[in-house]
Amino acid sequence: MAEVAYEPVIGLEIHVQLKTATKMFCGCALSFGEEPNTRTCPVCLGLPGTLPVVNEQAVRYGLEIGLALGCELAPRSIFHRKNYFYPDLPKGYQVSQYDIPLARDGRLGDVRIHRVHLEEDAAKLVHAGASGRIHSAEASDVDFNRGGTPLVEIVSEPDLRDAASAAEWLRLLRATLRRLGVSDVNMEEGSLRCDANVSLRPAGSEQLGVKTELKNMNSFRFIERGIDAEIARQEGILRGGGRIEQETLHYDVRSGAISSLRSKEEAHDYRYFPEPDLVPIVPTAEMVERARAAIPELPADRAARFAGELGLAEGQARLLAFRTEVGDFYEAALAAGAGAVEAPALANWTCNDLLAALGEGADPAGSKVTPAALAGLVGMVSAKEISNSAAREVLAKLVADGGDPAAIVAAAGLGRADEGELAAVVERAMADQADAVEKVRAGNAKAIGAIVGAVMRETKGRADGGEVQRLIRERL
Amino acid sequence: MIDRDQVLHVARLARLRLTDAEVEAMTGELSTILDHIEKIGELDLDDVVPTSHVVALENVLRRDEPRPSLPREVALDQAPDSDGVGFRVPSPGA
Amino acid sequence: MSAAADAFAAVFGPRSGDPSRAVEHTAAELVAAVGAGTLSPAEIWSEYATLAAGDELNAYLWRAAEDPGADAAAPLAGVPLAVKDLFCTEGVPSAAASRILEGYRPPYTATVVERLAAAGAPMLGKTNMDEFAMGSSNENSAFGAVANPWDRERVPGGSSGGSAAAVAGGIAPWAIGTDTGGSIRQPAALCGIVGLKPTYGTVSRYGMIAFASSLDQAGPLTRDVTDAALLLRHMVGGDACDSTSTGHPGEIELPTAERLDGVRFGVPPELTGDGVEPGVRAVFEAALARIEELGGSVTEVPLPHSGHAISAYYVLAPAEASANLARFDGVRYGRRAAADGDLLSLYEQTREEGFGPEVKRRIMLGTYALSSGYYDAYYGRAQRVRTKIAEDFAAAFDQVDLIVCPTSPTVAFKLGERTADPLAMYLSDVLTVPMSLAGIPAISIPGGLADGLPVGIQLAGPAFAENRILDAALALERAIDFRSQAAARG
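These protein sequence lines map, in sequence, to chains A, B and C.
Going by numbering that gives the first Met the number 0, the first sequence opens with residue 0, and the numbers climb by one from there.
Going by numbering that gives the first Met the number 0, the second sequence opens with residue 0, and the numbers climb by one from there.
Going by numbering that gives the first Met the number 0, the third sequence opens with residue 0, and the numbers climb by one from there.
Rendered as structure tokens:
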């Protein structure tokens with residue numbers, strides 16, 4: 000009997016901490032690693048009698064995200080209370096949006112967006128070891144600094160079919176949000192958090208299987224591995240004739256094991272109801288226009304433009320578009336080159352040489368290399384004023400000390416050797432390497448390498464390899 | 000009507016550890032009250048819009064400008080258990 | 000005569016004619032006396048501090064130790080204020096009369112208390128109440144019941160029972176309370192004073208410990224209508240800390256009306272029929288006669304859905320309360336049970352020990368009404384009933400200027416009389432809850448006595464019609480002359 004092939008169905012739920020100055024419902028400044036409980040007030044501590052007031056900027060960012068993801072904005076959206084008890088939830092409910100989110104029905108790339116809504120973040124529980132007061136039990140400390148940070152939750156439709164494309168799509172989403180400037184979108188620091196809903200179905204089936212929710216995987220690598228592990232786990236169960244249980248799961252990044260997060264059986268009943276302390280958000284034409292005007296060219300569009308208009312390779316176009324800061328540097332260099340540099344060559348130098356020289360994740364704008372310097376350097380290469388290897392040397396100097404590439408070339412004598420000088424060197428090398436000359440003449444084409452190498456050594460890389468070969472062949 | 004098991008379930012949701020006597024009394028009292036309340040079931044309300052607000056306000060928004068937070072000792076002052084840094088609780092799941 | 004009985008007599012008995020006795024004056028008279036230089040804020044404070052210290056009604060839970068030295072030139076001239084324990088006051092116990100908040104001292108003060116202090120009404124003390132404002136008799140206080148100064152065997156009403164008893168008992172010049180389903184108006188009625196629930200949103204809720212957020216509204220409890228207007232004037236106003244606050248579109252005027260010519264009063268049969276006891280009905284009918292004598296017209300207007308108001312209210316208010324009271328978990332403030340062991344035990348034990356029976360009952364009711372499978376049948380339907388009730392009032396106000404009905408179907412009942420029957424207690428609110436659901440303003444003024452106990456007359460108007468209500472209430476108050484009726488009681 001042929002084995003059934005299973006098709007994974009994956010949807011993502013992403014929580015994004017917004018880069019506002021203050022919390023969602025109070026005037027406390029957002030916390031970036033301050034001492035615990037130094038960014039709190041009566042409102043975000045949930046003191047009796049306090050009331051929330053919505054942060055205008057959070058709404059603006061929410062609208063920008065909704066528009067950037069091609070969503071329909073709700074003409075009128077409201078907040079609900081989501082009720083459950085947990086020490087990181089000071090009011091005993093989270094203020095969130097429920098049946099009428101800020102935005103819905105959008106699309107990013109190949110994946111449809113189900114909804115985008117605003118809510119408040121929970122506080123942090125820090126394990127504090129055994130407590131003397133609570134007999135021999137383990138104790139935790141609650142730190143409310145993070146409590147009340149504005150969050151946008153983005154829920155995709157289950158349009159993804161494998162772990163790698165889920166991670167790739169999340170990269171596009173992250174690039175989009177970064178480009179909008181609404182969040183730091185840093186997974187390690189928790190400003191971007193991703194849960195995955197995973198189910199399997201027999202290939203060709205239209206019906207969705209029972210899904211599980213894989214919680215809080217804090218890097219792209221773990222998302223990919225976690226989803227793969229969950230797909231394998233579900234497939235194992237289904238092939239063994241078992242049934243998938245709808246549950247929330249934790250992926251242990253060290254062991255690769257997947258375990259259930261809710262050990263105790265208590266059906267979740269959040270008792271959502273409209274938050275009576277807040278009034279509806281009704282985006283006015285002005286609010287929407289302002290949000291729309293704040294949206295820059297987004298990564299997906301930029302990548303398409305780089306590939307289409309500038310003729311860049313797709314991988315480079317995506318890299319430059321998804322890493323906004325690199326793309327911005329690239330475009331600044333292109334402008335500085337003012338037609339003297341070719342876009343694909345500049346892209347090569349930016350994506351390969353410059354990023355390698357700066358190190359992983361570096362922002363070129365923060366380096367000593369100016370866009371004009373890079374453009375100048377690439378222009379000199381294109382004009383054959385310097386060789387590739389000399390250009391790399393110049394780049395290393397630019398990275399280390401900054402400066403003007405032409406000046407560096409002049410000072411170090413890295414300019415391309417002129418034809419007369421080169422011819423003399425070639426002739427000297429051919430005389431020195433008589434053996435090699437013989438071998439080439441006898442038909443061993445590879446032997447020319449020894450002669451070229453000698454010329455390059457002599458000219459310290461200032462000669463172009465092709466040019467040298469041509470001169471040698473002329474003399475053979 | 001509400002039965003004993005429902006009372007226990009709701010008490011768990013509300014984090015109330017009722018005594019047996021309270022469960023007993025609550026079952027009877029809530030049933031009486033709910034019987035009265037259920038008269039609203041007689042009304043035809045199909046086309047009626049629910050009211051959750053009587054105020055006609057919308058877009059009440061606050062400028063994104065920081066205000067001073069409480070000093071930590073003030074924030075922690077009323078805590079039943081604190082180490083001076085955070086609010087102490089038994090670890091969830093411990 | 001004990002000092003307390005003497006103070007009560009000073010409020011409702013014949014005047015002694017001694018202008019230096021602060022307790023004989025209404026708050027507005029005290030403001031005038033300070034302005035005229037016949038009394039100083041310090042003298043008023045000192046007399047009332049002594050009276051409050053002699054509280055025999057259990058009306059106060061806390062009293063200010065020191066004269067805050069109010070400014071005689073301030074609009075309220077230093078006339079001190081009793082504040083319901085539901086309001087948070089910085090550094091001062093604010094427990095909502097609950098065990099779970101016993102000893103809690105907030106780091107901030109409620110907006111309305113701050114406003115009144117700034118206007119020259121410093122806080123004299125915190126008053127007793129039903130725990131978390133849940134109750135109609137003040138018997139649900141964790142710190143003991145309050146006695147009605149008219150008959151100490153009887154309840155003062157609730158939940159603002161301490162505020163009402165303090166004003167009626169002459170141990171506070173005036174007070175603020177909160178009204179969710181009648182918690183200002185009903186105790187005012189049972190204690191023979193004036194209580195006004197403003198339009199929802201006109202007074203900031205910031206710093207008022209929430210019971211049912213979509214219904215809670217602070218208001219004045221005072222000896223007469225003028226005092227109510229004067230106090231309310233300094234309570235209203237938008238607040239950037241309360242997203243649902245609207246402020247009042249115009250200033251609250253001091254009322255001046257002597258006649259009711261051309262004012263159309265509507266009597267809803269649903270709120271004046273069955274269940275209203277005969278003594279209350281007689282006083283109410285006498286009030287209708289006064290209205291007509293003053294030139295007002297009285298017609299019947301239906302409020303067809305008001306019979307369902309209690310049902311809707313006892314779904315919506317407990318539902319909101321169940322969430323509002325979830326924050327009392329023993330983590331950040333207030334009581335924590337000495338539960339050893341896990342987090343669940345800590346929560347359950349803290350809440351079990353900290354909340355009284357009525358609060359638990361409402362948390363249970365509200366949790367149930369919101370729980371999976373029941374939301375539509377209870378909460379969803381109740382919200383729709385609320386819509387119908389608001390529509391009923393809107394239709395009525397197309398025909399009349401004000402609704403008039405009794406405030407409470409009965410006079411003050413005996414302590415303990417209804418504690419065994421929660422539903423009977425809930426039905427005490429039958430005449431006040433409809434206005435709360437509609438968010439409209441309503442006042443209760445003393446209409447007369449039945450069996451020697453006060454009966455309240457309720458006037459309700461459209462949203463923001465506080466000035467209209469106060470004017471009509473003043474004219475009616477003058478015609479009724481409750482003080483003479485009370486004094487004649489002997």
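We put the beta carbon where it would ideally sit given N, CA and C, even for glycine.
- Message: Which same chain residues end up closer than 8 Å to residue 422(A) when comparing Cβ atoms and leaving out the 5 residues on each side of it in sequence?
- Response: 470
- Could you give the uninterrupted runs of the beta strand (DSSP E) lying entirely in the segment 242 to 307 of chain C, keeping only those of 3 residues or more? 263 to 266, 296 to 299
- Note down, in chain order, every chain C residue with its Cβ under 7 Å from the Cβ of residue 51(B). 213, 382
- Which stretch, first to last residue, makes up the beta strand (DSSP E) that contains residue 191(A)? 191 to 201
- Query: What does residue 206(C) touch in chain A if you count any residue whose Cβ is under 8 Å from its own?
  - Reply: Simply 48, 49.
- Message: Given a cut-off of 8 Å on the beta-carbon distance, is the pair residue 220(C) and residue 162(C) in contact?
- Response: yes
- Task: Could you check if residue 263(A) is buried or exposed, using at least 16 other CB atoms within 10 Å of its CB as the buried criterion?
- Result: Only weak support exists for where residue 263(A) lies, its pLDDT of 46 falling under 50; the value from the coordinates is given anyway. A residue is called buried when at least 16 other Cβ atoms come within 10 angstroms of its Cβ; residue 263(A) does not meet this threshold and is exposed.
- Query: Does the beta-carbon of residue 157(C) have 16 or more other beta-carbons within 10 angstroms, so that it is buried, or is it exposed?
  - Reply: buried
- Continuous beta strand (DSSP E) assignments of at least 3 residues falling wholly in the segment 153 to 235 of chain A: 191 to 201, 211 to 216
- Query: Closer than 8 Å, CB to CB, is residue 272(A) near chain C or not?
  - Reply: yes
- Anything in chain C within Cβ reach of residue 82(A), meaning under 7 Å, just list it in chain order. 322, 325
- Message: Just checking: is the beta-carbon of residue 22(B) within a distance shorter than 8 Å of some beta-carbon in chain C?
- Response: no
- Look up residue 14(A) in the DSSP assignment and say whether it is helix, strand or coil. Note: residue 14(A) maps to strand in three-state DSSP.
- With burial defined as no fewer than 16 other Cβ atoms inside 10 Å of the residue's Cβ, what is the status of residue 385(C): buried or exposed? buried
- Item | Residue from 77(C), 447(C), 55(C) with nearest C-alpha to residue 287(C) | 447(C)
- Message: Counting C-beta neighbours from all protein chains within 10 Å, is the total for residue 476(C) 16 or more, i.e. buried, or is it exposed?
- Response: buried
- Query: Just curious, the beta strand (DSSP E) that residue 217(C) is in, first and last residue?
  - Reply: 216 to 221
- Message: For residue 160(C), count the other beta carbons within 10 Å of its own beta carbon; 16 or more makes it buried, fewer makes it exposed. Which is it?
- Response: Buried.
- C-alpha distance - residue 173(C) paired with residue 77(C), whole-angstrom precision: 12 Å
- Might you give, ordered along the chain, the residues of its own chain that have their beta carbon closer than 7 Å to the beta carbon of residue 484(C), omitting 5 neighbours on each side? 447, 448
- Message: Would residue 435(C) pass as an interface residue toward chain A - the criterion being a Cβ-Cβ separation below 8 Å?
- Response: no
- Task: Just tell me which of 179(C), 150(C), 358(C) has its CA closest to the CA of residue 96(C).
- Result: 358(C)
- Task: Count the other C-beta atoms from every protein chain shown that fall within 10 angstroms of the C-beta of residue 469(C), then say buried if there are 16 or more, exposed otherwise.
- Result: buried
- Indicate the three-state DSSP secondary structure (helix, strand or coil) for residue 65(C) in the structure shown. coil
- Task: Rank 84(A), 424(A), 276(A) by C-alpha distance to the C-alpha of residue 57(B) and give the top, closest one.
- Result: 276(A)
- Could you name the residues of chain A that residue 16(B) contacts, counting a contact when the two beta carbons are closer than 9 Å? In chain order: nothing, as chain A lies at least about 13 Å away.
- Query: Going along chain B, which residues have a C-beta under 7 Å from residue 56(A)?
  - Reply: 63
- Query: So, is residue 48(B) buried or exposed, given that buried needs 16 or more other C-beta atoms within 10 angstroms?
  - Reply: exposed
- Query: Quick one: does residue 278(A) have its CB under 8 Å from some CB of chain C?
  - Reply: yes
- Item | Rounded straight-line distance, which links the Cα of residue 19(B) to that of residue 196(A) | 42 Å
- Anyone know if the C-beta pair for residue 76(A) and residue 111(A) falls short of 8 Å? no
- Please classify residue 313(C): does DSSP put it in a helix, a strand, or coil? helix
- With 8 Å as the threshold, decide whether the Cβ of residue 97(A) is near any Cβ in chain C. Closer than 8 Å: no.
- Taking C-beta to C-beta, are residue 234(C) and residue 350(C) nearer than 8 Å? no
- Query: By Cβ distance below 6 Å, which residues in the same chain neighbour residue 189(A) in space, the five residues on each side in sequence not counted?
  - Reply: none
- If you draw a straight line from the alpha carbon of residue 191(A) to that of residue 211(A), how long is it in whole angstroms? 21 Å
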